Amino acid sequence: MRMDRFTTLAQQTLSDAQALASSRSHAELQPLHVLVAMLNDTQGIARSIFEKAGVQPAPIMSVAEAELKRLPSVSGGDAAGMTPSRDFMQMMNVAEQESKALGDSYVSTEHILLALSESKSSAKEVLQVSGVRRDALMNAVKALRAASGVTNVNDANAEQSYEALKKYGIDLVEKAQQGKLDPVIGRDDEIRRCLQVLSRRTKNNPVLIG
Numbered sequence: 008m009r010m011d012r013f014t015t016l017a018q019q020t021l022s023d024a025q026a027l028a029s030s031r032s033h034a035e036l037q038p039l040h041v042l043v044a045m046l047n048d049t050q051g052i053a054r055s056i057f058e059k060a061g062v063q064p065a066p067i068m069s070v071a072e073a074e075l076k077r078l079p080s081v082s083g084g085d086a087a088g089m090t091p092s093r094d095f096m097q098m099m100n101v102a103e104q105e106s107k108a109l110g111d112s113y114v115s116t117e118h119i120l121l122a123l124s125e126s127k128s129s130a131k132e133v134l135q136v137s138g139v140r141r142d143a144l145m146n147a148v149k150a151l152r153a154a155s156g157v158t159n160v161n162d163a164n165a166e167q168s169y170e171a172l173k174k175y176g177i178d179l180v181e182k183a184q185q186g187k188l189d190p191v192i193g194r195d196d197e198i199r200r201c202l203q204v205l206s207r208r209t210k211n212n213p214v215l216i217g
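Sequential numbering of the sequence shown, starting at 8, is according to the numbering used here.
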């Protein structure tokens, strides 16, 4: 297993999982730690994948946290001496297989998430109990890539381009639907004219002044 073939965000997720296991004084690094590390990253793509798969992250987190409390702990544990469990190593192997199956050059966060739903472990059981299906995750991954214009993961920072508009832009339509925009008072003629221009096939760029 070559860590240089993992994306930057995937490596960060694994590092966070190791830190989590150490902070809980757990004897081994488990796939469950990886799942919780993903869920803890509120800006990570794992949450977006779950939501696109029709599952909310919060209930998954509750079940995962309950399972974490059941793991055996040791005194004096530290991240440097953390031993990966057999389930963890199997999950990593499956993640590499997922990467190859999708024609990717790097193992990224979505490959690890797919592996968590497939490789036998307590993390897989948490996902199953929470109603997460592998086929739904795969469809969500494909939808996320398509929306972001990403075909394959061919560099270590590929995930940073996922949902770039969502990260750096503001969806005014969504805000309007949620009632978060102040209403426009007056300017009826200007609004109608703006809609007329927008509906054109050509020269459909209105300029709003004032």
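Ideal Cβ positions, reconstructed from N, Cα and C, are used throughout, including at glycine. Keep in mind that this is a model prediction, so the values were computed, not measured.
Note down, in chain order, each residue of its chain lying with its Cβ closer than 6 Å to the Cβ of residue i, except the 5 sequence neighbours on either side.
i      : result
Pro38  : Asp94, Phe95, Met98, Leu123, Ser128 and Ala130
Arg54  : Pro64
Ser106 : Val114 and His118
Under a three-way DSSP split, which group does residue i fall into?
i      : result
Pro213 : coil
Pro64  : helix
Ser80  : strand
Val101 : helix
Which term fits residue i, buried or exposed, when burial requires 16 or more other beta carbons within 10 angstroms of its beta carbon?
i      : result
Ser30  : exposed
Pro64  : buried
Leu202 : exposed
Leu42  : buried
Leu144 : buried
Ile192 : exposed
Gly186 : exposed
Val133 : buried
Alpha carbon to alpha carbon, what distance is there between residue j and residue i?
i      : j      : result
Gln18  : Arg194 : 53 Å
Leu223 : Glu125 : The structure shown does not extend to residue 223, since the chain is modelled only from 8 through 217, so no value can be given for it.
Leu121 : Glu166 : 15 Å
Lys182 : Ile198 : 18 Å
Got a sec? Which residues, its chain only, sit under 8 Å from residue i by beta carbon, not counting five neighbours each side?
i     : result
Thr90 : Ala34, Glu35 and Leu36
Pro79 : His33 and Ala34
Is the CB of residue i under 8 Å away from at least one CB in chain D?
i      : result
Ser206 : In the structure shown, chain D does not exist; there is a single protein chain.
Below 7 Å CB to CB, which residues in the same chain sit around residue i once its five sequence neighbours on both sides are set aside?
i      : result
Val157 : Ala165, Ser168 and Tyr169
Which whole-angstrom value describes the C-beta separation of residue i and residue j, a residue pair presumed to lie in contact below a C-beta threshold of 8 Å?
i     : j     : result
Thr14 : Met45 : Not quite, the Cβ-Cβ distance comes to about 13 Å (not below 8 Å), so this is no contact.
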